[in-house]
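So that you can map any letter, position 15 of the sequence shown is 592 in the working numbering, and since no number is skipped, the others follow by simple counting. For every residue, glycine included, the Cβ atom is placed at its ideal position computed from N, Cα and C. Report on the structure given below.
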Amino acid sequence: MAEDGRTPHTKNAAELEAYSRRITRLRRILPVIAIFLLGLLVLAANPDFARKAGQNAPDSADHRLIIDHPVFDGRGRDGRAYRLTALQGMQKNDGTMAFSDAQMNIAANDQKPSLSFTANEGIFRPPTAARGDTAELSGDVNVTTGDGYQILTPHVAINLADAIWHAKDGVRMKGQDSTLRATRLEADENKAIYRFQNIRMRLLPGREEGR
C-alpha cells in the first residue's frame, strides 16, 4: 500500500475538519432553502396572488395615461360650474377617463342649490370624446343637495351638457321630515324638476319645540 507521507492520525483529523466545514455551510444554506420552499407553498395555496397582481396592472393596449388626484373643471348648460376629482384616474385610448373614489361638485346659482356626488368609481367622457361631456358614477353613490336632501343609489348617469342625470337602479332620498324610495329618478337641472317612479314615502313625526 502506498503511503502519502502523513501519519494516520493526521489524515483522519484533516478529513474530520473538511467534513465539519461542509456541515457548517449546509447549516447556513438550509434556512434560505426553507424560506424559499415556504414561499412556493404559499403561492401554490393562493393562486389569486398572481392573478390579482395581473389585474391591478393597467392594460397598455387600453390605457395610455395614469393620473393621481386628477381634477376636471367645466360648466353645464344651466350655467353652473362643476368640478370632478378622484383619487386616481386612467385615461383610455378613446379619451375616456376611469376613476376611483370619485367626487363631483356642481356649484349653486341664484335659482338652484348646489349638488355633490360621491362614488367608489366613475367614468368621465370629456367634451372631445365620443358621447362626450357625460359621466357615470357607481358603487355607493351618495348625492347631497344644497337644500338638505340626500339621495342614495348604486348608479348615476350624468349628462353634463344637458344638465340631466338619471338613477335607474332604485333610489332612497332622505330629508329632514321624510324618506322616499323609488325605482327610478330623472333629474332635470335646467327646469329644477325631479321625476320619481313607483314612489313610497314615509313622513317622519315632527319635533316638538324646545326639544
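Could you give the distance in angstroms between the alpha-carbon of residue i and the alpha-carbon of residue j?
i      : j      : result
ILE741 : VAL733 : 11 Å
LEU642 : GLY666 : 8 Å
TYR771 : ALA764 : 4 Å
ILE700 : GLY716 : 12 Å
PRO782 : GLY752 : 12 Å
THR760 : ASP710 : 26 Å
PHE773 : LEU762 : 5 Å
VAL720 : GLN668 : 25 Å
ALA684 : GLY747 : 25 Å
Label residue i either buried or exposed according to how many other C-beta atoms from any shown protein chain fall within 10 Å of its C-beta, with 16 as the threshold for buried.
i      : result
LEU664 : exposed
LEU737 : buried
ASN686 : exposed
LYS768 : exposed
ILE644 : exposed
ARG628 : Legend: pLDDT at ARG628 = 44, less than 50; position of this residue unreliable, value from coordinates given subsequently. Its Cβ having fewer than 16 others within 10 Å, ARG628 is exposed.
THR601 : exposed
MET778 : exposed
SER637 : Its pLDDT being 47, under 50, SER637 is placed unreliably by the model, and nothing is read from it.
MET578 : In this prediction, MET578 has a pLDDT of 46, which is less than 50 and means its spatial position is unreliable; what the coordinates show is noted afterwards. Exposed, since its Cβ has fewer than 16 Cβ neighbours within 10 Å.
ARG605 : exposed
ARG599 : exposed
Starting from the Cα of residue i, find the closest Cα among the options and give me that residue.
i      : options                           : result
ASN697 : ASP687, LEU729 and ARG749         : LEU729
MET674 : ARG660, PRO647, THR760 and SER693 : PRO647
LYS745 : ALA769, ASN775 and THR662         : ASN775
GLN680 : LYS669, LEU661, GLN688 and PRO690 : LEU661
ARG652 : PRO704, ASP678 and PHE676         : PRO704
ALA677 : TYR726, GLU713, ARG598 and VAL720 : Note on residue identity: the sequence assigns Ser, not Ala, to residue 677. Here the closest residue by C-alpha is GLU713.
ASN682 : LEU757, GLY723, LYS669 and ARG654 : GLY723
ASP655 : ASP739, TYR726 and SER693         : ASP739
On the DSSP bridge assignment, give the partners of residue i in chain order.
i      : result
GLY725 : Bridge partners of GLY725: none, in fact.
GLU594 : In DSSP, GLU594 forms no bridge with anything.
THR730 : VAL718
GLY666 : ILE644 and PHE676
Looking at the unbroken beta strand (DSSP E) that takes in residue i, where does it start and where does it end?
i      : result
LEU661 : 658-662
ASP678 : 674-683
ASP765 : 761-765
SER693 : 692-702
ILE776 : Neither: ILE776 is in no beta strand (DSSP E) and is coded neither H nor E.
ALA568 : An answer regarding residue 568 cannot be provided, because it is not within the stretch 578 to 788 covered by the chain.
LYS751 : 748-751
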